[in-house]
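**Student:** Before I ask anything, let me first share the structure, which is written out below as structure tokens.
Residue numbers (full-length UniProt numbering): 1 to 89.
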């Protein structure tokens, strides 16, 4: 007697487009570090808003991420000294 059954092949993580917003201080000099935190990821949109006389600036981007990578990216941004907050936007 033999028994057979199908074993599903492992699936790669599904990538979803996530909108990430980071708020930071320090102006344009901090942009390279913020962009560096996105290294290795597929960035579809990126905008940085720096206004003279305003304490906080913002970076908003759309990134393709697996569900389990989202919090790791937010944590990575939050560890940057200039970042005040980073969240799903």
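Note that beta-carbon positions come from the ideal geometry of N, C-alpha and C, so glycine has one too.
With 16 as the cutoff for other CB atoms within 10 Å, does residue 77 come out buried or exposed?
**Tutor:** Residue 77 is buried by the Cβ-count criterion.
**Student:** Within this structure, are the beta carbons of residue 84 and residue 39 separated by less than 8 Å?
**Tutor:** Against a cut-off of 8 Å, the Cβ pair of residue 39 and residue 84 comes out as no contact.
**Student:** So, residue 21 versus residue 58, is the Cβ gap smaller than 8 Å?
**Tutor:** Taking 8 Å as the Cβ cut-off, residue 21 and residue 58 qualify as a contacting pair.
**Student:** In its own chain, which residues sit with a C-beta less than 6 Å from the C-beta of residue 23, not counting the 5 before and 5 after it?
**Tutor:** Once the five neighbours on either side are set aside, the close Cβ partners of residue 23 are 56, 58, 84, 85.
**Student:** Only counting the same chain, and skipping five residues up and downstream in sequence, which positions put a Cβ closer than 6 Å to that of residue 33?
**Tutor:** Cβ within range, chain order: 80.
**Student:** How long is the line joining the alpha carbons of residue 82 and residue 31, rounded to whole angstroms?
**Tutor:** In a straight line, the C-alpha of residue 82 is about 10 Å away from that of residue 31.
**Student:** In three-state DSSP terms, what is residue 99?
**Tutor:** No answer is possible for residue 99: it lies beyond the span of the chain, which begins at 1 and ends at 89.
**Student:** Are there 16 or more other CB atoms within 10 angstroms of the CB of residue 65, so buried, or fewer, so exposed?
**Tutor:** Residue 65 comes out buried.
**Student:** How is residue 42 classed by DSSP in three states: helix, strand or coil?
**Tutor:** The answer is strand: DSSP assigns residue 42 an E or B state.
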